[in-house]
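Colleague: Once you've had a glance at the structure underneath, I'll fire off some questions.
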Amino acid sequence: MPYKDKAKKAAAQRRYRERHKERLAAHAKQYRATHLEARRAYDREYYQRRKAKASHDCQEQRAEATTQGNDTPCTTINSILISSPTTT
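Below, the structure written as structure tokens:
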């Protein structure tokens, strides 16, 4: 739809750009919301797996230490628990 009046054309272009910005903003907001939740879920699972593995490794270290007569505390699980991010 060609415009003969430049003012009308400029106004139409402005309206289009504003609406396009709104569409992009809505899409970005939705994208961030869904991917943020997916990322949080992945992080939760990841740190649960790390914690479980560290707990298992810690139990093995304690078993070895008791068989060798050493009663050393397990530091692996503590370091992982401290380094894991807090989830809200």
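Quick note on my numbering: the sequence shown kicks off at 10 and runs consecutively. In this text, a Cβ means the ideal position worked out from N, Cα and C, and glycines have one as well. None of the values given here were measured: they were computed from a predicted structure.
1) Run through the region 15-87 for me and flag every whole alpha helix (DSSP H) of 4 or more residues, listed as ranges in chain order.
2) Taking only the alpha-carbon atoms, compute the straight-line gap between TYR25 and ALA19 and give it to the nearest angstrom.
3) I'd like the list of long-range same chain contacts for LYS15, defined as Cβ closer than 6 Å, with 5 residues on each side in sequence excluded.
Modeller: On the basis of the data shown:
1) 15-77
2) 10 Å
3) none
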